[in-house]
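Data first, discussion second: the structure below is written as structure tokens.
Numbering (this note's numbering), first residue to last: 51 to 387.
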């Protein structure tokens, strides 16, 4: 490269340095404050004039500001929720903490208690309002069901109370065979389709929907209906017509002792299957004590199996109540062997 070429290169370098210096000075004198990160995000999301996240949330939440660096938890506005059946599980707090609690009604508490080995006749003798309280809770339960969206979606021809009475009437008029089905294949086939054949699609669907949606109070409700069924001789006056005890015994034996009944329970949830089996055992046990176990159903094998199943299933709130009761029944029947 000649002398003139070197001079041209140095002139170009010097000119570039001068341009960079002028550009830097211009940027330093005209730049404003650095925009906030949240504002940039908001501008990018909503365009020019878009509100920031804080400006958008402020009018809706109306929450007091907390100390710097601390997040203030938003308290949702109170909204009227769906009506709840007025039977709550033990150990649960319903309602706000600052709401004064009403003193518990001792009579009602005793009615709803799932007691181990509870003698219904003794409870009725000790509580003169037992029958009216049981009926009252049943009416409350069906009034609650009538207001549930899943029940309204079924478009029943009558309310749930009348539907339940129709279910009882159909089951009473067509009882199943609780034993001996292995000898007669036709009886086995009838038992397998008994509930669907007797009740029909509409009532079967209603029962399934209630069992599915009312899991939260399932144990209380099972116990409540058991007490209502078994207090027939002591509480003859009721707004609902109870089935005779011999019909209740036939269905208990059907669920425990037949392929059709067991198959039906195994298509339900574990909670429904275990609870239905438990109360079926109590009903057959009552029949045994009263000399009304006409089909000679042997409870001991069912008690032993169910006690182990419930003992290994921790999702039942009153698990130990059931286990203790089944243990006592197992000892009772082993002594009779």
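Think of the CB as a built atom: it goes at the ideal place given N, C-alpha and C, for glycine as much as any other residue.
Since the structure is predicted, the reported quantities are computational estimates derived from the model, not experimental observations.
Annotated three-state conformation of residue 213 is helix, per DSSP. A contact is defined here as three or more CB-CB pairs under 8 Å, and the region 258-275 meets this definition with respect to the region 179-194. When the beta-carbon positions are compared, residue 200 and residue 263 come within less than 9 Å of each other. Short of 8 Å from the beta carbon of residue 360, and not among the five residues preceding or following it, lie these beta carbons of its own chain, in chain order: 324, 328, 366, 369, 372, 373, 376. About 6 Å separates the beta carbon of residue 217 from that of residue 249, a gap short enough to meet the 8 Å contact definition. Contact between residue 224 and residue 309 does not hold, since their C-beta atoms are separated by about 18 Å, which reaches or exceeds 8 Å. Burial is judged here by how many other beta carbons sit within 10 angstroms of a residue's own beta carbon; residue 205 has fewer than 16 and is exposed. Per the Cβ contact rule, the region 275-282 is not in contact with the region 312-323 (fewer than 3 Cβ pairs under 8 Å). Here residue 334 is buried, its C-beta having at least 16 other C-beta atoms within 10 Å. Between the C-alpha atoms of residue 174 and residue 209 there is a straight-line separation of about 30 Å.
According to the DSSP assignment, residue 378 belongs to the alpha helix (DSSP H) that extends over 369-386. Residue 384 and residue 303 have their C-alpha atoms spaced approximately 20 Å apart. In this structure, 228 is the residue among 228, 258, 256 with its C-alpha nearest to the C-alpha of residue 244. Counted as a single uninterrupted DSSP element, the stretch harbouring residue 342 is not any alpha helix (DSSP H), since DSSP gives it neither H nor E.
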